[in-house]
Structure formats: structure tokens, C-alpha cells
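Residue numbers (the numbering used here): -4 to 564.
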């Protein structure tokens, strides 16, 4: 019909990359219409001199902190190559551009009175006021001849609309009184503004906010931008109703609790797409139980500590000072990880410390002293003091992640104390850092690993049941190994009743050797003597006390003290 009417300008085939609508699954028709653009390369006067919007935006990107850092190059490349921004849309709904243009010269009307009338109408009636009958005359008023102006009915591109959020969130104390008085560091204040969204927003909200703010305020509206990936199912598929592979937060919270969900969030690398599902959540739950049980054990142990019962750092054994050294190391790692929003590292270093250093090593060794030493024992009191420091540091460090668990634990330790979420991270004394001590204990732990390896074989061979039934003989040839054991109760460290060190003697062929320490040999022998009825350690009965003949001298001393305190039945 157009050809017959001679009204078709041209015809032909056009190949383009959007042949179908992703939403309606139908062919797309492209229509060329006049649009409104935001010039990226036209210099304009601003606080930084006459610069283009592109230049201002790139400079602002470089002044912003990006997490992960790769986000900077991603958005900078987009802005550097961005064509002029199309601001107008032709749709049936949205926010009007609210522009009047002279018919004769196509000049935009800039009039504060007109703009004030439009803003007032929008606040009371909404954007539909622009399309109401008589809107042109109403907004132009008597000052301007409505016949000489065209009212532009195009709508604002939605990303420009969202990019204005900083103006009414950060700069509108009337509607956001809690944010009144914010003064950013770029303006000489102490406040920092972070934008947080998915990585797709480098092209969307982050970019529109950046360009809008640079054009109106000369700089970015944010100081930090943090991006995250998207959540997939356990095998890496996008979640959808049709696949039935969705995981709903409320379901996880109902079944496992909010802290399990929070621990999963903190454990994954959120900068990339992350996976979730029943098996993954089961692993997270197992990790959570280990952390909770460690905290619970500390609480149970600290219940026996008297207020003010401290011995001080200098009176502690090397084992306690090693744990405080590790606490000082952790303090730096945890603070750095939180500062970099690296929550997965926070979880990793604290989990490793609580499982490997505390539960499997320190607590395992110290249970004997904590349970069996006399109440006045410096070793026992020093251990309790160290555990107090560890408990208070670990719970506060975990508080941003395990918010309910740590609040419960904090209240159990000191019911009258304020919420843990009002606490600052503890100030760990720099004097606790002792690299030489840590190096010595690395050697001791290696030797302990050789002993425990031999004991496990002996237990599997039914030679012994408990490690306290053993009195290993350890063959050493390295002087550094012997030096590391000076002043250390190595039998206590290995949780055996006795231990013998053979320095320089040939290692028997039957000795157990650890691949990491081939010059160390261990032969497991049975402990001699009788079994202590209290600590289960084997001892020479000739050393027993008449009043407590079935326990070691150490245990007898503890029982006498408990009897004097009225705690012995």
C-alpha cells in the first residue's frame, strides 16, 4: 500500500543483533525518532574548570576505591568508550523529561519559576501532572507565551532516574533525617559513601549515578563501590521456577538459622558468581558447629575463672604466649580482611585458628592442666587468662558475621555487659608478637606431629589405647630440634605419660619417621607405673602421697587445695 501510494522512501533488508524481544519472544521493529542526548565530550564549566563529562567521570573513577579492584578497569573502559547518553524514551509510563522548547529556535527554556511550579505539582500530584490538560499554560504561567513553546512529552531514561538517588538520599534531611549532617572525606569530613550492587551495575546504576553526579556536582557520589556476582544452584545453573532449583533465604533461616545463611554469604567469593544448595549448606552447617563448639568450650572453661585472677603475660608458659602471638597475628589479618571487604578471608583465618590451633592443639594439650591442676596453679591460671583473651577477641571478630551466636556467647560470659555489637575490635598489645617463639614452636609442633603419628600406628596395632598409655622414645640428630625442646614439657605437649629424648643415637629401623622430618625417629613404648585415678597419667607409685595414694603428686596437691577450699566431697 505504501508503494502504491508512493509514500515509501526506501526498502531493503537490515541485519542487526536484536532480531527478537527477549521478553515477548517476538520480532523487534526499530524506529528512528528524534532523541535527547547528554553530550559526553562537550566541555562545560564546573568546579574542576572547563572539562568534558567523560573526563570528569574518568577522573572520578580513579579517585574511587573499587572492590574488587578489577571493577575500576571495567567501568573505566565503559565510560571511556561510551557514546553520547540517550536520555529520552517514548513509553506509556515513566518520569517526564519536563522540558519546554521554543518553536522558532529550538532553545530550551531555563526558568527557575517554571521549574519550581513543575516540581511542586509533581510532589503533590505525581508525574502525570505533566500530561494533564492545560499543563503547558499552567507551568509556563503568564510570564511565557504558551503558543511559542513545544511541551516535550518524552520520558526520562530509567537509569538516569535511578542515578539521581544520591541527591535525595544523601542530601535530603527532610525525608532521610538519619543521614543529615553527612560530610564526606572528599569534602574534608570523615564520612564515606559506599555503593553496593551486582557486577552488572557497572553499566547501569553505578555508571548513571557517576555521570549524573559528575555533571551536576563535579564528582562521583560514592567513595567506595563494591560489586558481587550472582547466586547459582549447586551445579552452576541460573535459578528459575521452571528448573525448580531455587533456594529461598527464608527457608534456610527457618531450617538452619540466620547465622548459617550469613556464614555461607561470608564464606563464598562474592566477587564472582556463587553457588548454593543443600549439600553446600550442609558443609557450612558443619563448619558453623565447629566454630560454635569451640566458643562453647571456652565459655565452659572460663566459668571456672575467678574475677581478677590473672598472672600476667610474663608468668605465662611458652604455650600460652604462643597463642597470644597468634592472636596478634590474627588481629592484623582480620582487620586487613574486613577493611578490604574480604569476608571469606575472615572466615578462613578464624576457622583455621579455631580448628587447628585451638581445638586440635592448644585446648587438647591444656585440658589436663585446666581439669587437674590446683586452682592456684600458675599454669592453670595463665591458661584461663589466655583463653579469656582469645574468647573476647574471637567473638568480637566473628560478630559482624555470626551476629546471633556471638551475642548469645557474649551475654553468657557477662550477662550484665552491653551488646557485643557495641564493642570495638580489641586492641591487641604489640608486645604479644614474638616471632622467635613462634619459630621455636613450629619446630616443636613438627616433632609433636612425628610423635602423634607413631602413637596412631601403635593405637591401630592395639599396642595402646589412650596416648597416656605411651612413653615414646624420640631419636633426634638435629641440634636445633633439641634446642627447641629446652624448658618444654614435651610429654605434656604430646599428651603422653612420659617421653624420652635420645640425641645422637642411631635411629632404629622399626622407628616411625615423618616424611617432613626424616631425621626424627619415634619408637612407642608402654608407660611404666600405675594409672592415676584422676588424670589417667601413669606414674611411679613410690612417689604417691599417703593421703592420696592412687593419684600423681600433682593431683594430690590439687586435691589438698580443693579440700582446704571446701570443694572436695
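Positions of the beta carbon are idealized from the N, C-alpha and C atoms, including for glycine.
Starting from residue i, follow its DSSP beta bridges and name the residues at the other end.
i, result
"residue 193", "223"
"residue 41", "44"
"residue 32", "81"
"residue 94", "147"
"residue 497", "470"
"residue 179", "186"
"residue 15", "22"
"residue 60", "219"
"residue 516", "470 and 508"
"residue 534", "525"
"residue 113", "None, per the DSSP bridge assignment."
"residue 269", "226"
"residue 103", "96"
"residue 465", "521"
"residue 565", "No information on residue 565 is available, as it lies outside the stretch -4 to 564 that the chain covers here."
Residues in its own chain within less than 8 Å of residue i by CB, not counting five upstream and five downstream?
i, result
"residue 58", "181, 214 and 215"
"residue 344", "325, 328, 329 and 332"
"residue 538", "547 and 548"
"residue 294", "386, 404, 407 and 408"
"residue 235", "241"
"residue 96", "102, 103, 104, 144, 145 and 147"
"residue 475", "438"
Would residue i and residue j qualify as a contact pair, given that the criterion is a beta-carbon distance under 8 Å?
i, j, result
"residue 79", "residue 135", "no"
"residue 325", "residue 268", "no"
"residue 254", "residue 346", "no"
"residue 149", "residue 92", "yes"
"residue 483", "residue 469", "no"
"residue 82", "residue 158", "no"
"residue 519", "residue 463", "no"
"residue 193", "residue 161", "no"
"residue 349", "residue 296", "no"
"residue 315", "residue 275", "no"
"residue 466", "residue 500", "no"
"residue 383", "residue 300", "yes"
"residue 218", "residue 187", "yes"
"residue 396", "residue 257", "yes"
"residue 540", "residue 367", "no"
"residue 122", "residue 90", "yes"
"residue 412", "residue 398", "no"
"residue 197", "residue 69", "yes"
"residue 47", "residue 38", "yes"
"residue 127", "residue 117", "no"
Residues in the same chain with beta-carbon distance under 7 Å from residue i, minus the five sequence neighbours each way, listed in chain order, please.
i, result
"residue 292", "358"
"residue 221", "62, 189, 191 and 336"
"residue 98", "143, 144 and 145"
"residue 320", "427, 428, 429, 432 and 433"
"residue 94", "103 and 147"
In angstroms with no decimal places, state the Cα-to-Cα distance between residue i and residue j.
i, j, result
"residue 283", "residue 21", "49 Å"
"residue 563", "residue 557", "5 Å"
"residue 377", "residue 363", "14 Å"
"residue 66", "residue 338", "18 Å"
"residue 574", "residue 480", "Since the first residue shown for the chain is -4 and the last is 564, residue 574 is missing from the structure and cannot be characterised."
"residue 460", "residue 535", "20 Å"
"residue 49", "residue 29", "23 Å"
"residue 318", "residue 306", "16 Å"
"residue 129", "residue 26", "29 Å"
"residue 9", "residue 51", "37 Å"
"residue 247", "residue 435", "45 Å"
"residue 17", "residue 85", "19 Å"
"residue 422", "residue 433", "21 Å"
"residue 53", "residue 74", "7 Å"
"residue 133", "residue 111", "12 Å"
"residue 239", "residue 251", "21 Å"
"residue 322", "residue 391", "13 Å"
"residue 521", "residue 491", "10 Å"
"residue 381", "residue 184", "40 Å"
"residue 131", "residue 208", "29 Å"
"residue 503", "residue 497", "11 Å"
"residue 489", "residue 438", "13 Å"
"residue 173", "residue 119", "24 Å"
"residue 555", "residue 440", "34 Å"
Within the same chain, show all residues whose beta-carbon is closer than 6 Å to that of residue i, passing over the 5 residues directly before and after it, in chain order.
i, result
"residue 342", "261 and 262"
"residue 508", "516"
Check your understanding: On the three-pair Cβ rule with 8 Å, is the region 128 to 142 touching the region 158 to 170?
Key -> no
Check your understanding: Is the region 246 to 266 in contact with the region 300 to 316, if contact means three or more CB pairs nearer than 8 Å?
Key -> no
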